[in-house]
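Since the structure comes first, as structure tokens, the remarks are kept for the end.
Protein chains in written order, with our numbering: chain A, 38 to 285; chain B, 38 to 285; chain C, 38 to 285; chain D, 38 to 285; chain E, 38 to 285; chain F, 38 to 285.
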């Protein structure tokens, strides 16, 4: 039985990240600072948005897609829209997980980010998180008829992001991504502001920046975003782990 | 207010690790493979052993200290013995935490490892874990009379190791350290075998190697040891995180 | 209101066990040692397999069914295959739970085993676990039109098994089944090896035996398998409880 | 390395149980029905009471000890009083754990019961639980000077009981002991009523019987008491497990 | 961005409560005492029952609906029946959540009660709880075509009730509602007894009254029912919080 | 047996609150906004500070006490200092719990606030929280010699506050106190700024205001502080509960 291949060298410039969002603004609000940080570090980022936000209180679907495309460009990411059941109508279906697994096989990312599984949030969020997690498994299985045209693919790691503070899991230890560089914060802010139909109605921008600032204050940096790894991280030396997040 | 200094560069050769053990064999059995991996990678490792194992069923205190020194040498680590309350007599006292904080200030390690806080294990184990955690805080506070002769010191990260499987915390997400290189396993095995007074009485060696092999099988490597970070890890890019531990 | 009937006498030879598996090899890998132990003790064991493994990377459906039949024979169990949504396509549907409840009414087992509910594993596993748990309730309800041809049936206990280590629940206290007798281990090993299409591709056999050995070392026996009871166990005397699993 | 000896045969008449209580009435209120059931089944039960209840609002120490002796006699148990730090003054000290370990070595029980570790209850309760758990380990270690006059002893299992409903652990799966026989309930009730200084001031008797009745209604028996095993139970066949506790 | 309007004044006579039940007797058994207390305090209560209990072992659908109407009248509540998938057939569908959201918009309640999300109970119970929670979100979103004819509505709070003791969540801190007034208990008892087809077959009435009495004994009142808030409560002064539930 | 007396009427002007802090600034930083809100609402607030902060990196004990007195005056609260073991030296001792219980009996508060029990924070914080919780029990017991000169006293409720975000318990559902009134925030800010020796060295003020703003954004108010009740709250009507904290 072959072991898994050796891990990519650290800071591999070819690393590619795939972000899934249930609505046109979820990725930007939940972890846009990370998209900005990774593309700035030379990694490739692609966003897959699974509805056009047609159930929202503000903004037409067309406008929201335009906003999302603009935001993706600001973040240095590519973007695509797919249809599942429609905004606020998402259901757990094997066909959806297979569809997402097909995307994973086509794009072959190293790292995948999806909304967290906490159920006390918008139902599309946690259901998409479940479907993505299932999809990362299905993408590996060789016998799936629907996925036959792509080679099977095993990602390196799945991380969950929280669109809002309530969506942060309480039973998983987070990792924090340091997004303190002024250019990263500024890019993130601009990308969030591109969702003008939403930010003009609610204080999303302040919510997210306050959240990142609070984490930054805890961690002794300017701003940080918490992610929740689906599986334990593997290190070759604890020197990789660097320092933990406790200032006070 | 000054921010914390920039993190050490990855794989900083000057990284130093400090391991605390309640008994002469706890470090070797619980995370000896990590000591071997880190010293092999060029990092400095120092072991602080807080009793002479005088309550154990097998081996005199003198013999156990000799075994511990031999094991440390095999692992490429330095070792010292300190007295707290004696084997199986450890109590939570402020004086103990201050004593350990003094050691932290004197040695100024980047990374500290201590036994886990799970209470359903040998009482010296979890109490030492609590004392070390408290000590990592006290080492930072400027006004402590007892610590005045050393400069205050903030470590980078505290990890907990589990001496036995029961001691693995269930509410913390572990990180796994890959110790698959044959030389590392062989060094670890020899270091454990140096505790002959113990290994001749119970299957400690098989217990620990079976544990590391099971984790390795889960993670797609040969052998691995789980550690439990006391605080969230901070990353500058998710590319640092490499892959997660899920093979099956 | 009539109370439940008196419990079966201990070691009742008529006890019958029903095992549910999502794929042709799940039961053997996850708890085959328990099937072997129970049939050796004179109890009846029946396996219900809910797909033909057609999504797997290795082995045709026909081959996998043949392997499963061979494994069941080795374990001294009977086996049947049922169709739900197909491998890697299982969804939570009331019709599935009713179908499983019909099987429970037809076979009237005392004890039922199903895959655990931990969601970070193959989606068919935890969904089947959920469906079986729901089915054990539906089997009791008198008014279900679809189940009218069988008498209602209340099982004695539902246990969950974990196909892989990641599938072990962290919030339920396990019970351990001692499978140390050499004949039991040998039977289990042979039954797992019957799934040659799988074991030739991945180290499943080593994974499971290492897992059982680690539990055995913890418990002071040769090998053990952990099960997770869905409901509290009832004892008439603590002398029934025998000893707990802590050696180190 | 010798394996542990074979388990006692089921319902071994020689099984002996040791109950620890922090105050003269804790055992009776928290699990007196189990004492009654076990002595009725022919097992030996001994109660160790670690204060004279001198901090309570009602009853002199002398009266409370008299009540405890009367209650023990009603339950068919022997009883002894030991001093630790006094009622409402208990502290975690190594000397206390060693003292309790000495009692374990002297009496050599199979099964030990202690108050649960839930910290939101009378501080003597959870501290005694911690000390007893530590003591069950210390009783096994060969090198403890203070315990030299007794042979080391390994108990079979430690169970926690909850003196009040708030003290029931939420993170451990309980086992239920069926105490439905009218003679058992009647004996328990009489033993509780022997603590007249307490029952005349507060509705302890109703509290405990209501608790046992609620568990009984859930489990499909008349009355039951929940215990919380410190370590997983080991079974040789699932037929030992009998049925689970779910009626509604 | 407009803030939410000021909270209703305390004890607002116009407060209206909406209770969802999966079967004709779930509300009465699980929290009928609260319905009685609230209508007695002058609040409006409406019950929405989502099946006719056609899968139950006892009572025809027609009889059960008659019983439910009688019970609602006794409790001073209005009642309506809706169809989802039928008793024991409930599935998680976006269409169901939208249907429930439509009811929320039509009735515009302040406070909503639904069965708890604990999965180890009748599958209709926890699925209805999930659907109601999702519905409370959907009711707020402006763009949902299916809900266009009603104005969007944000409830004040969602509470979960537990139909049986097993359904009480262990990870949420409950709030207790004091239902000690004799008229409330008497009304509740009569309303439960109205479900004669059920109470003649099983000890539901004793189960619920025992449960409420045990909580009352813990809290220092006669009877109480536990509810589990979906979101943190907001206070303007801690004096609102009154006292906590600890007598023993 | 007498039941507890009827609860105080809502918004009882005589309500008195007692706050415990381990260091001179803990109460102000952790929940000073609540002190301000309660005194503004006409309730009495008293602060008990259990060290002079002599281990801190900044500020002499004398200066820190002066700052604490100034801050208390700003908050409209009275203040006293007591000695336990000294800053960074606190140990769990029965004598300490009794001393705190004596204070409870002397001052007879309705509501008590203490630092949370989360152990991964300054050791004085969680130990003081444990001692206060134990003290609230001891204050009720009639037979304690050390407390004889005061009448026994039962508080209404104990709440925990978190000095820093890490100290927020993850297993308790918080209640939120709305401190949005501009005068409250301004008073709180001034009181925190009075601890100039601390705020000039670290961004405590920004940390706490950011934390309160984030909670406010989540809850739909300007600012809020989370508290963690030690025991379930009791309500007489759900109308008391008002609305929950979910805006996004």
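Just so it is clear, CB atoms sit at the ideal spot from N, CA and C, and this is done for glycine as well.
Can you look up residue i in the DSSP assignment and give me helix, strand or coil?
{"i": "residue 113(B)", "result": "coil"}
{"i": "residue 160(D)", "result": "helix"}
{"i": "residue 152(F)", "result": "strand"}
{"i": "residue 7(D)", "result": "Shown here, chain D extends from 38 to 285; a query on residue 7(D) therefore has no answer."}
{"i": "residue 211(A)", "result": "coil"}
{"i": "residue 123(A)", "result": "coil"}
{"i": "residue 67(E)", "result": "helix"}
{"i": "residue 180(B)", "result": "coil"}
{"i": "residue 189(A)", "result": "coil"}
{"i": "residue 222(D)", "result": "helix"}
{"i": "residue 58(B)", "result": "strand"}
{"i": "residue 139(F)", "result": "helix"}
{"i": "residue 40(A)", "result": "Here residue 40(A) scores only 33 on pLDDT, less than 50, and its place in the model should not be relied on; the value that follows carries that caveat. In the structure shown, residue 40(A) sits in coil (DSSP, three-state: anything other than H, G, I, E or B)."}
Buried or exposed, going by whether 16 or more other CB atoms sit within 10 Å of the CB of residue i?
{"i": "residue 120(C)", "result": "exposed"}
{"i": "residue 292(F)", "result": "Since the displayed chain F opens at 38 and closes at 285, residue 292(F) lies outside it and no answer follows."}
{"i": "residue 142(B)", "result": "buried"}
{"i": "residue 170(C)", "result": "buried"}
{"i": "residue 91(B)", "result": "buried"}
{"i": "residue 250(A)", "result": "buried"}
{"i": "residue 65(B)", "result": "buried"}
{"i": "residue 274(B)", "result": "buried"}
Got a sec: is the Cβ-Cβ distance from residue i to anything in chain F below 7 Å?
{"i": "residue 207(A)", "result": "yes"}
{"i": "residue 154(A)", "result": "no"}
Just checking my contact of residue i with residue j at CB under 8 Å: how many whole Å lie between their CB atoms?
{"i": "residue 194(E)", "j": "residue 266(E)", "result": "6 Å"}
{"i": "residue 209(B)", "j": "residue 201(A)", "result": "Rounded, the Cβ-Cβ distance is 24 Å, inconsistent with contact."}
{"i": "residue 94(E)", "j": "residue 238(E)", "result": "7 Å"}
Answer with yes or no whether the minimum CB distance from residue i to chain A is below 7 Å.
{"i": "residue 161(E)", "result": "no"}
{"i": "residue 46(B)", "result": "Low confidence applies here, because residue 46(B) scores a pLDDT of 41, under 50, leaving its location unreliable; read the following figure in that light. False, the Cβ-Cβ gap to chain A never drops below 7 Å."}
{"i": "residue 224(F)", "result": "no"}
{"i": "residue 53(B)", "result": "no"}
{"i": "residue 167(B)", "result": "no"}
Answer yes or no: does any C-beta atom of chain D fall closer than 7 Å to that of residue i?
{"i": "residue 179(F)", "result": "yes"}
Against chain E, does residue i count as a neighbour if the rule is that its beta carbon must be under 7 Å from one of theirs?
{"i": "residue 157(F)", "result": "no"}
{"i": "residue 67(A)", "result": "no"}
{"i": "residue 182(D)", "result": "no"}
{"i": "residue 127(D)", "result": "no"}
{"i": "residue 171(C)", "result": "yes"}
Hey, does residue i have any beta-carbon neighbour from chain C nearer than 7 Å?
{"i": "residue 94(E)", "result": "yes"}
{"i": "residue 137(D)", "result": "no"}
{"i": "residue 61(B)", "result": "no"}
Consider the Cβ of residue i: report whether some Cβ of chain B lies at a distance smaller than 7 Å.
{"i": "residue 220(F)", "result": "no"}
Practice prompt. At 4 residues or longer, and completely inside the segment 229-285 of chain D: list those alpha helix (DSSP H) runs for me, N to C.
Written response: Taking only runs of at least 4 residues, the alpha helix (DSSP H) segments lying wholly in the segment 229-285 of chain D are 233-236, 241-256.
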